[in-house]
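Asks: So that we are looking at the same thing, I have put the structure below in structure tokens.
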Amino acid sequence: MSRTEETRYWRSLRDLADHPEVAQLKSNEFLAGVTDESDVADLSPVSRRTFLALLSASAAFAAASCTNYRDKGEVVPYNKQPEEITIGKANYYASTCTGCSANCGILIKTREGRPVKVDGNPDHPVNAGKLCVRGQASVLDLYDPQRLRTPQFKGSGGGFAEGSWEEADRTIMSQLAKTAAEGKEIALVTHTVTSPTFRKVLDAFMARYPSSRTYSYELFSDRFRSNAWIRSYGSNGAPVIRWEAARTLLLLEADVLATEGDVLEQIRSITKNRDMNDPRHFSRIWVAEAGLSLTGMNADHRIRLKPGAQFEFVMGLIHEVAQRRKLSAISPETSVVEAIGQYPLAQVVARHRLPAHLVEGLVNGLVSHRGESIVFAGSTLPEEVHTAVILLNEVLGNTGLYDQRVSRVQYSSEATMEDWVLLVQKMREGKIGAIVHVDANPAYHLPQELRYAEAAQRVPAIVTLTQRENESSVISTIVLPINHAFESWGDFKTRTGQFSLQQPVIEPLYATRQKEAILLHWASGSTTQPDASSYHRYLKKRWEEEVYPSIKSPVAFSRFWHAALHDGLLLHSEKPIARGQFIINADWLQPLWRETDQFTVLVRPSQNVGDGRYAENGWLQEIPHPVSKVVWDNYAAVAPQTAKSLGVENNDIIDIRAGERRLQIPVFVQPGTAEDAVVIEHGYGRRTAGPVGTDVGFDVGSLMPVEIRSTPYIFSAAVTKGSGSYELVSTQEHHALDDAFVKDLHLKRKIIREGSVAQYLNTPDFIQKGRHEPESITKILEYDGVKWAMAIDLNKCIGCTACVASCVAENNIPVVGKEQVELGREMQWIRIDRYYSGTPEDPVVSNQPMLCQHCDHAPCENVCPVAATNHSPDGLNQMAYNRCVGTRYCSNNCPYKVRRFNFLDFRNDFADGIYAEEPMSALYNPEVTVRSRGVMEKCTFCIQRIMEARQVAAEEGREIRGSDVVTACQQACPADAIVFGDMNDPQSKVSHYRAHNLGYHVLEEINVRPNVTYMAKLRNRQTENPA
Amino acid sequence: MSFVDYSVEPPVVEGKPPLSSIDDAIIKPIDAKPTKAWFVAIAVSGTMLLIGAASLAVTFIFGVGMWGVNQPVGWGFDIVNFVFWVGIGHAGTLISAILFLLRQRWRTGIARFAEAMTIFAVMCAGLFPLIHTGRPWLDGYLMPYPNQHGLWINFTSPLVWDVFAVSTYFTVSAIFWYVGLIPDFATLRDRTVSRIKKIVYSILSLGWRHSNRHWQHYEMAYLILAGFATPLVLSVHTIVSFDFAVSIIPGWHTTIFPPYFVAGAVFSGFAMVQNMLIGIRKIYAIEHIITIDHLEKMNKIMITTGMMVGYAYGMEFFIAWYSGNSAETFVFFNRALGPYAWAYWTMVICNVVFPQLFWFKKIRRSIPAMFVIGVLVNVGMWFERFVIVVTSLSRDYLPSSWGFYVPSIYDIGILIGSFGLFFTLLLLFVKSMPVVSISEVKGVVEGAQPSHGGSH
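For the protein sequence lines, the chains are A and B, in the order given. If you read the first sequence in this note's numbering, its first letter stands for residue -17, the second for the next number, and so on. If you read the second sequence in this note's numbering, its first letter stands for residue 109, the second for the next number, and so on.
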């Protein structure tokens, strides 16, 4: 085809025919109307905006009307704002902890009127701003849904019916009056009384009902120590010891860092001499005990000793020290010298197969540090041991360590076992007209052999004053609900010159009264109901009339009173009770009981549940045992060799028989236990303790003797392998301890680095020599401004788990229950890792608090697909809960395994959702998100506290300082082992620690650049450092 | 010993069947009413699927806490199954894409079925990342989408790479499979007498008329898609292996993982294809199309990849020792001697020892023997993933946080359910679509290609 002729293309036949219409269309590019000006009037009345608004509104209505997913019920604002409350700001009130008879001072943090956290009162001389596990957890009990809300009356069918206070008071007062008229006894059962005003109430009660008698007791008291003391010095209870002055400490079956005495004071003053900055003044701690205790695992040297051998051991030491010091006459009486002469140390050592070189070193240490050493026996040991210990301290000239400035005060005398036997006998004989359990639970605490509950059936009126149902309340005729400590008034005095005050921080949640008010009302005999502040007035009146005049305060009483209330305590000068002349008698140095060749059972208190009164506290049940890491149970701890000879392993049931008494309990093979000893903690196996505490563990009460030769806590028993097994659950050690394959991995991997004091003195940088700074091929991000970091001094950390409790309370951490812990789903953000090295017989224990390390190169962050975990400009590894979809990749990739995942809706999962019931929601810290299921969580370095400090700094127009923030764990740590602050501030303590010769990071070789520095532990062993 | 002429390719389809008989052989089972055996089979697989659905429902209601996962083992059966199923899928793509590009004509008999398996396996696999999350209703967060919070996904996370890798793999595989099906759908459309089927097949065949131009475009598209799919064979399992290799956990943090995972995937995929085809060729009476030679070739690939996997097992140990990294060394000793040693040795025996039997031609060509070995290989490969995921996590850096993983009944239920889903989909597939590519097989029948008078 020729290209010269232009080809003509046509679109239609009309186009081909050159129709004019087509021509016009072609010339007009746009169709008619398209180019016209737009006219608003022509538009639809529904604009685009209106349309979108309607669309979204209808979608919102549709969504909202179909679900109550986020409906949290009615929210009512303050009608009139209370004067002292600023919404969003916490108020702190000083009060007193009543968890045990130490009566530490506390500061209760309240938010919008709700107590949410408890910490120590820094002004209090005993606990100095610190609080133990149980104190920390006491806030949970306030909101426990199981608390009784009204008086309960036992019906004829045995069940309880609710009733009114009027009815209760009327019934009880008439019963009491009748009993008093008949001359029958009214038994008032209380715990040890440490409140002078409560003492006065009791006295008033007894004055009104003269046939009444008080039975005060503690399951574990220092009765034997006090008795020995009174015998030896003629006056005054056991002394307050100046632990900080002791260079050598010998602790005999005395868990002074966990369960014995004023624990927080002891931790503080003992760890004071474990200061890495003052290595020349390290104390040396010796422990001789049967079961590995928290104190034992922190000892420099530990001697395994059956409880029955303690007496001989102390006598041997006295013998040896006397010889060394050439004290020919310890006492003018030859009988005493003869009594000691029976125990040459070498014989004692040989008989009990003790490590001779260690005992030698111990004697050297005691002798060379005489006057600066202390020997201390635990309260489970019998009186003769305490007497011998007093003598040993005398021989060593250690009496200077008994604090001359204060002495202990007691407001009740302890009921002895004879008293109880007599009481039960009288109950059986119908001589007891009424029993009042004043916040005490004898039906659980007394040995089962005594058959208290059975005898109680013969008592016409039993009244139990309690917060929750317990073993004693179920056998009562009337149960009266009492206030929680945070709803109560009170005063306490445990030492001369120190009053501690208790004030309520919240109105009673239910129709409850405080126990003092109830007794006071009955003592008054008044027929009109008391008002809520009756005891408040009584307390104040007593102070005005008795305390205020004795103080000789220059200010008016109301100012004096309010100042004391504000401080929570009153310190004044008061003359301590003087120590009398030391006397010793050979008769007191005779052992009342000798071990037979059977097994010896030692019953010890539990750190977490105490004497069982905290068994209903889910936090405490779930905080691992400081040594074994077992949760939700007690067990029979036996030595590995003993287990082998019994043919049992972990979880196997053993059968313990002591006469008619019997207990079947699972075995836990505890390294470090003395051979042929069985160590069991009391406080478990509660039979009536609500859904949380009932049947958790095993009740040692069935094994406790009524007939006591010397001490009820130590007795011989036959132990055989029982049938079956029982699953004990621990948060650690899912592998055999003596497996060569896994042995000492924590040392090989340099997770734990430690050395001796001598090594440190010779080569201060010995820890640094094993370190290497990993090379980085990428640019390291510089942080300017504040960068948060933590340092943990392993010389101070004893592993008491107070930090764990504080963290749980601060950060709304749920209770998951034994089954979930067994699966490996515990939720605590901080844990204390405990590693054993050495032999299973004599393990060397290392503790290490482990929490999120807030790594600069956090391996969790780069694997999160949705960037839910990320890094803040101030160096925090953050979690955005709302963004988290829950792939768990971060947790897998965390080398420290500190992340915690909400596998289920843990708020609602445990014990049929008991902790999802009201009023539990009031417990939550409003500054911390409550996490839902499917969300990852972990330690935040208490970011809510950082943000609060930031806000305060902004209000004050300054930059935030590292010292402004105290994390919950740091605040709780009784040894001040945790340091937190700004590492970019060269003056801060934390940057000093980071640069310290003993500082190291865990797993630093993988270059994640953690921001928690650990200070290597120094051990002060006599083999390495004879001084 | 007889002389073998290697210059002549042995016939792919045995016995020179007429082309129409191939149509009949492949299409007849689709046209016929399902047999009793089929109903029994689908009843079984449907039950398995329901078990999985019930387990999943429990998981959705109460949370992943119903599974055995814990601290420190945050991943259990969920990710084990995910990696296992992704691996199963690999044989399909390898057969259909790589062997296509390499002009392996024997692939035609098995390619369709293997591709279908790929798609179903990836569907099973894709389920797990979606359900393993703690809050599956927020899975959408894993996709990048613009939102008013300015939130974006974290591109450094291998899980994000997974999302893209698996979804790309699924898309490409599905398109590839569908494109290959078009001519066959047209054949089905032309043959069917059912009105409904006619409509369905008409739509599915996209107006295919077997015209020359159609074939030209088809061949080109198929080639391009094969080119697309080929890198995916390598990339998908490489990226899946990054989930582990990119982490810092000893036993995961290993550079050998990508090739090792790919080899393992091909290994398990071929074992599964071989297992399934043994049944199909028997039931469908197409033993002349899927011949014993096919099966033997697959067995040869299995012994090859099996040895690659075995090499990787050995090399892991060597490097663990050679690196001098004590944590790494420990993990491998722990695998062989620790509490999960039984799983490790199951893996080694199934994956390395049993495939060695394929050195013997008799076993290579014995259907019962190869079936058993194939099953064992899949058992072994499942345990391989179990060993990698679980043993590494259960004992990592800090001995204080070691744990133990025990699957719950819901874990097992979901595993059964995933097999139920897989078999149900396969059963529906064999009843509704040609299991062998009719058009491609016709092309490799002896004499089907134009010949130039018998000489080249």
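Virtual Cβ for every residue (Gly too), placed ideally from N, Cα, C.
Hey, which unbroken runs of the alpha helix (DSSP H) at 4 residues or more fall wholly within the segment 199 to 285 of chain B?
Replies: Counting whole runs of 4 or more residues, the segment 199 to 285 of chain B contains the alpha helix (DSSP H) stretches 216 to 239.
Asks: Could you tell me whether the segment 759 to 775 of chain A touches the segment 563 to 572 of chain A, using the rule of 3 or more Cβ pairs below 8 Å?
Replies: no
Asks: What are the boundary residues of the alpha helix (DSSP H) that A954 (chain A) is part of?
Replies: Residue numbering aside, residue 954 (chain A) sits at position 972 when the first sequence is read from its first letter. That run of the alpha helix (DSSP H) goes A950 to A954.
Asks: Would M832 (chain A) pass as an interface residue toward chain B - the criterion being a Cβ-Cβ separation below 9 Å?
Replies: Taking the first residue of the first sequence as position 1, residue 832 (chain A) is located at position 850. Chain B contact via Cβ: present.
Asks: Distance, Cα to Cα, S83 (chain A) vs E200 (chain A)?
Replies: Locating residue 83 (chain A) in the first sequence gives position 101, counting from the first residue. Locating residue 200 (chain A) in the first sequence gives position 218, counting from the first residue. Going from the Cα of S83 (chain A) to the Cα of E200 (chain A) covers about 9 Å.
Asks: Checking 9 Å against the spacing of the C-beta atoms, do F142 (chain A) and G182 (chain B) come in under that value?
Replies: For the purposes of this step, residue 142 (chain A) is identified with residue 160 of the first sequence, where counting begins at 1. For the purposes of this step, residue 182 (chain B) is identified with residue 74 of the second sequence, where counting begins at 1. No, the Cβ-Cβ distance between F142 (chain A) and G182 (chain B) is not below 9 Å.
Asks: Assuming contact is defined by CB atoms lying nearer than 9 Å, are Y617 (chain A) and G665 (chain A) in contact in what I supplied?
Replies: On the first sequence, position 635 is the one that residue 617 (chain A) refers to. On the first sequence, position 683 is the one that residue 665 (chain A) refers to. Their beta carbons are not under 9 Å apart, which means Y617 (chain A) does not touch G665 (chain A) by this criterion.
Asks: Does L510 (chain B) come out as helix, strand or coil in the three-state DSSP assignment?
Replies: On the second sequence, residue 510 (chain B) is found 402 positions in, with the first residue counted as 1. First, the amino acid is wrong: residue 510 (chain B) is Trp here, not Leu. In the structure shown, W510 (chain B) sits in coil (DSSP, three-state: anything other than H, G, I, E or B).
Asks: State yes or no: is the C-beta of I464 (chain A) within less than 9 Å of the C-beta of Q496 (chain A)?
Replies: Here the question's residue 464 (chain A) lines up with position 482 in the first sequence. Here the question's residue 496 (chain A) lines up with position 514 in the first sequence. A contact, by the Cβ cut-off of 9 Å.
Asks: Could you pull out every residue in the same chain whose Cβ sits closer than 6 Å to the Cβ of M109 (chain B), ignoring the five residues on either side in sequence?
Replies: By one-based count along the second sequence, residue 109 (chain B) stands at place 1. Residue confidence for M109 (chain B) is low, a pLDDT of 47 falling below 50, so the modelled location carries little weight; the figure read from the coordinates is stated next. Hits under 6 Å: none found.
Asks: Under the three-state reduction of DSSP, which class applies to H263 (chain A): helix, strand or coil?
Replies: As a working note, residue 263 (chain A) is residue 281 in the first sequence. Note: H263 (chain A) maps to helix in three-state DSSP.
Asks: DSSP beta-bridge partners for Q830 (chain A)?
Replies: Taking the first residue of the first sequence as position 1, residue 830 (chain A) is located at position 848. Beta-bridge pairing links Q830 (chain A) to A:D815.
Asks: Can you have a look at R205 (chain A) and say buried or exposed, based on whether 16 or more other CB atoms are within 10 angstroms of its CB?
Replies: Residue mapping note: residue 205 (chain A) aligns to position 223 of the first sequence, counting from 1. Buried: at least 16 other Cβ atoms inside 10 Å.
Asks: If I measure Cβ to Cβ from Y708 (chain A) and keep anything under 7 Å in the same chain, skipping five residues before and after, which residues do I get?
Replies: As a position in the first sequence, residue 708 (chain A) is number 726, starting the count at 1. These residues qualify, in order along the chain: N633, I635 and P648.
Asks: Between F236 (chain B) and chain A, is there a C-beta pair that is closer than 9 Å?
Replies: Working through the second sequence from its first residue, we reach residue 236 (chain B) at position 128. Taking CB atoms only, F236 (chain B) has no neighbour in chain A less than 9 Å away.
Asks: Can you name the residues that DSSP bridges to D513 (chain A)?
Replies: Here residue 513 (chain A) refers to the residue found at position 531 when the first sequence is read from its first residue. The partner list for D513 (chain A) (beta bridge, DSSP) is empty, contrary to what the question assumes.
Asks: Can you tell me where the beta strand (DSSP E) holding H974 (chain A) begins and where it ends?
Replies: In the first sequence, counting from the first residue as 1, residue 974 (chain A) sits at position 992. Not the beta strand (DSSP E): H974 (chain A) falls in the alpha helix (DSSP H), residues K971 to R976.
Asks: By how many angstroms is the C-alpha of N829 (chain A) removed from the C-alpha of N989 (chain A)?
Replies: Within the first sequence, residue 989 (chain A) is the residue found at index 1007, counting from 1. Within the first sequence, residue 829 (chain A) is the residue found at index 847, counting from 1. Cα to Cα, the separation comes out at about 23 Å.
Asks: Mind listing the chain A neighbours of W214 (chain B)? Cutoff is C-beta to C-beta under 9 Å, in chain order.
Replies: In the second sequence, residue 214 (chain B) corresponds to position 106, counting from 1. Simply none; closest approach about 41 Å.
Asks: Where does K761 (chain A) sit, in a helix, a strand or coil, going by DSSP?
Replies: Stepping through the first sequence from its first residue, residue 761 (chain A) is reached at position 779. In this structure, K761 (chain A) counts as coil in the three-state DSSP scheme.
Asks: State yes or no: is the C-beta of V345 (chain A) within less than 9 Å of the C-beta of L276 (chain A)?
Replies: As a working note, residue 345 (chain A) is residue 363 in the first sequence. As a working note, residue 276 (chain A) is residue 294 in the first sequence. No, they are not a contact pair.
Asks: From G600 (chain A) to Q810 (chain A), what does the alpha carbon distance come to, in whole angstroms?
Replies: Position 618 of the first sequence, counted from the first residue, corresponds to residue 600 (chain A). Position 828 of the first sequence, counted from the first residue, corresponds to residue 810 (chain A). The alpha-carbon atoms of G600 (chain A) and Q810 (chain A) are separated by roughly 13 Å.
Asks: If we count the other Cβ atoms within 10 Å of its Cβ and call it buried at 16 or more, is N993 (chain A) buried or exposed?
Replies: Along the first sequence, read from residue 1 onward, the residue named residue 993 (chain A) stands at position 1011. Result: buried.
Asks: Might you give, ordered along the chain, the residues of its own chain that have their beta carbon closer than 6 Å to the beta carbon of A186 (chain A), omitting 5 neighbours on each side?
Replies: Taking the first sequence and counting its residues from 1, one reaches residue 186 (chain A) at position 204. Residues A505 of the same chain have their beta carbon placed closer than 6 Å to that of A186 (chain A), with the five preceding and five following residues left out of the count.
Asks: Suppose contacts are defined by Cβ-Cβ distances below 9 Å. Is I925 (chain A) in contact with Q860 (chain A) by that definition?
Replies: Along the first sequence, read from residue 1 onward, the residue named residue 925 (chain A) stands at position 943. Along the first sequence, read from residue 1 onward, the residue named residue 860 (chain A) stands at position 878. The answer is yes: Cβ separation under 9 Å.
Asks: With a cut-off of 8 Å, do at least 3 Cβ pairs link the segment 447 to 456 of chain A to the segment 411 to 425 of chain A?
Replies: yes
Asks: Reducing DSSP to helix, strand and coil, say where A72 (chain A) ends up.
Replies: Here residue 72 (chain A) is taken as the residue at index 90 of the first sequence, counted from 1. A72 (chain A) sits in a strand when the DSSP states are folded into three classes.
Asks: Give every residue of the same chain whose Cβ lies closer than 6 Å to the Cβ of V961 (chain A), excluding the five residues on either side of it in the sequence, and list them in chain order.
Replies: As a position in the first sequence, residue 961 (chain A) is number 979, starting the count at 1. These residues qualify, in order along the chain: A773, K971, V972 and Y975.
Asks: Using a beta-carbon distance below 9 Å, is L210 (chain B) in contact with chain A?
Replies: Translated into positions along the second sequence, residue 210 (chain B) becomes position 102. False, the Cβ-Cβ gap to chain A never drops below 9 Å.
Asks: Can you pull the chain B neighbours of V848 (chain A), defined as C-beta to C-beta under 7 Å?
Replies: Indexing the first sequence from 1 puts residue 848 (chain A) at position 866. Residues of chain B passing the Cβ test: Y249, L250, I261 and N262.
Asks: Counting only Cβ-Cβ distances shorter than 7 Å, please list the residues of the segment 980 to 1004 of chain A near chain B, keeping chain order.
Replies: L985 and I988
Asks: Measuring alpha carbon to alpha carbon, tell me which of A:E396, A:E657 and A:A514 ends up nearest V196 (chain A).
Replies: On the first sequence, residue 196 (chain A) is found 214 positions in, with the first residue counted as 1. Correcting the residue identity first, residue 196 (chain A) is Thr in this sequence and not Val. Here the closest residue by C-alpha is A:E396.
Asks: Kindly indicate if chain A contains any beta-carbon less than 9 Å away from that of H564 (chain B).
Replies: Reading the second sequence from its first residue, position 456 is the one you call residue 564 (chain B). A caution first: H564 (chain B) carries a pLDDT of 47, below 50, which makes its placement in the model unreliable, though a value can still be read off. It does not; no Cβ of chain A falls within 9 Å.
Asks: Give the residues of chain A in contact with Q256 (chain B), contact being defined as C-beta atoms less than 9 Å apart.
Replies: Stepping through the second sequence from its first residue, residue 256 (chain B) is reached at position 148. Those within 9 Å of Q256 (chain B) in chain A number zero; the least Cβ separation is about 13 Å.
Asks: Hey, how far is the Cα of P507 (chain B) from the Cα of H728 (chain A)?
Replies: Within the second sequence, the letter at position 399 stands for residue 507 (chain B). Within the first sequence, the letter at position 746 stands for residue 728 (chain A). If I take the Cα positions, the gap works out to 7 Å.
Asks: By the criterion of Cβ-Cβ separation under 7 Å, what are the contact partners of S873 (chain A) in chain B?
Replies: Within the first sequence, residue 873 (chain A) is the residue found at index 891, counting from 1. Near S873 (chain A) (Cβ distances below 7 Å), the residues of chain B are Q179 and G182.
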